[in-house]
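Q: Provided herewith is a single structure, encoded as structure tokens, for subsequent inquiry.
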Amino acid sequence: MTALRDSQTLANLADASGNPTSHLAGMLARVTRLLEQGIKPVYVFDGTPPEEKAEELERRQQRREAAAAAAAAAAEAGDKEELRKQLARTVHVSREQNEEIKKLLLLLGLPIVEAPAEAEAQCAILAKAGRVWGVSTEDADALTFGTPILVRNLSFNDNSSSSSSSSSSSSSGSGSGRGAHPVVSIHLEEVLQQLKLTMDQFIDFCILCGCDYCGTIKGIGPKTAYNLLLQHGNIEGLLQQLDTEKHPLPDPFPFQEARNCFKNPRVKNPQEIEIKFGPIDEQGLKQFLVKVVLPKFFGERQIQIYRISLVIKSK
1 MTALRDSQTL
11 ANLADASGNP
21 TSHLAGMLAR
31 VTRLLEQGIK
41 PVYVFDGTPP
51 EEKAEELERR
61 QQRREAAAAA
71 AAAAAEAGDK
81 EELRKQLART
91 VHVSREQNEE
101 IKKLLLLLGL
111 PIVEAPAEAE
121 AQCAILAKAG
131 RVWGVSTEDA
141 DALTFGTPIL
151 VRNLSFNDNS
161 SSSSSSSSSS
171 SSGSGSGRGA
181 HPVVSIHLEE
191 VLQQLKLTMD
201 QFIDFCILCG
211 CDYCGTIKGI
221 GPKTAYNLLL
231 QHGNIEGLLQ
241 QLDTEKHPLP
251 DPFPFQEARN
261 CFKNPRVKNP
271 QEIEIKFGPI
281 DEQGLKQFLV
291 KVVLPKFFGE
301 RQIQIYRISL
311 VIKSK
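Residue numbers (full-length UniProt numbering): 1 to 315.
Okay, here's the thing in structure tokens:
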């Protein structure tokens, strides 16, 4: 079983009324592919974000608003490529979309987990407890939260060939990715061994490289951060020797709070979470597709034709 944090894969397509649609069609197609490859997905959804993430969420909202303005300008200028690029930056999964996805997954007989806070943290704790094999997400924070195995690029695209790969000696499990990039499994234990870092040092390294909970130090990139941690052991030791004239600290720089977010995230007890795969609710799924999914793609006339087709096929 694999825990998936899936909101990054949802594109912001819409019907003629501006209602998002691809989150449902895309999820249905993706689940089908995963099951065909022998992968049993457990979908984990975000809860209330921690307070430490408030500034990052505000920055994301500002970036979406700037992208929306740029998209409007591109549309006015008739620049389709720029329009497509800017629209991709406005993607935001709404509460309504999440609820529709949850309904679809339950009808498909798949387990869902609602995290109290960060989905990546809940995924990681499920993997650490052995409830799932690994975590599939494009957010590398899952490693910082401690997942033993992170799977990236677990997406499907008919326009590209099938491929699979692993960044370590262990394989990424059954199934293969079909997309622009090969499926990659990253094993935390091997990452720590190769970097010669403890888990605490790795968390500090990730904070210095940039995370959702605090800013970064000017002029300190990944290579410099790594070398300084090897030399000083942790952020506290690094700061004692840092030339803050050359490398001014962000104000504030709540690295200790960020560290605590990774080491003690708000999660549900993994042993108390029910992970149960059930049969597909065929009748319920059919009704959901007709009443919720299809109207977002087609007009009433096409829906009536589809209903007639379903009645004929069911006899």
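Even for Gly, the Cβ is constructed at its ideal location relative to N, Cα and C.
As the structure is a computational prediction, the values presented were derived from the model and not from experiment.
Does DSSP put residue 108 in a helix, a strand or coil?
A: Coil.
Q: What span of residues does the beta strand (DSSP E) with residue 134 cover, start to end?
A: Run containing residue 134: 134-136, per the beta strand (DSSP E) assignment.
Q: I'd like to know whether the C-beta atoms of residue 132 and residue 2 end up nearer to each other than 8 Å.
A: Cβ distance < 8 Å, so residue 132 and residue 2 count as in contact.
Q: Just tell me which of 110, 135, 111 has its CA closest to the CA of residue 121.
A: The shortest Cα separation from residue 121 among 110, 135, 111 belongs to 135.
Q: With distances taken between CB atoms, is the gap from residue 45 to residue 119 smaller than 8 Å?
A: For residue 45 and residue 119, yes; Cβs fall inside 8 Å.
Q: What first and last residue would you give for the alpha helix (DSSP H) that runs through residue 116?
A: Here residue 116 belongs to no alpha helix (DSSP H), and DSSP marks it neither H nor E.
Q: Got a sec? Which residues, its chain only, sit under 7 Å from residue 219 by beta carbon, not counting five neighbours each side?
A: Same-chain partners within the cutoff: 246, 247.
Q: Using three-state DSSP, classify residue 181 as helix, strand or coil.
A: DSSP places residue 181 in coil when its eight states are reduced to three.
Q: Here's a check: name, in chain order, each residue in its chain whose Cβ is nearer than 6 Å to the Cβ of residue 139, leaving out the five neighbours to either side.
A: Contacts found: 120.
Q: Let me check understanding here. Comparing Cα to Cα, which of 188, 257, 251, 39 lies closest to residue 4?
A: Measuring from the Cα of residue 4, the nearest candidate turns out to be 39.
Q: Between residue 208 and residue 235, is the Cβ-Cβ spacing less than 8 Å?
A: Result yes, Cβ atoms of residue 208 and residue 235 sit closer than 8 Å.
Q: If we count Cβ pairs, one from each stretch, closer than 8 Å, do we get three or more for the segment 259-274 versus the segment 105-116?
A: Touching, yes, given that three or more Cβ pairs across the two stretches are closer than 8 Å.
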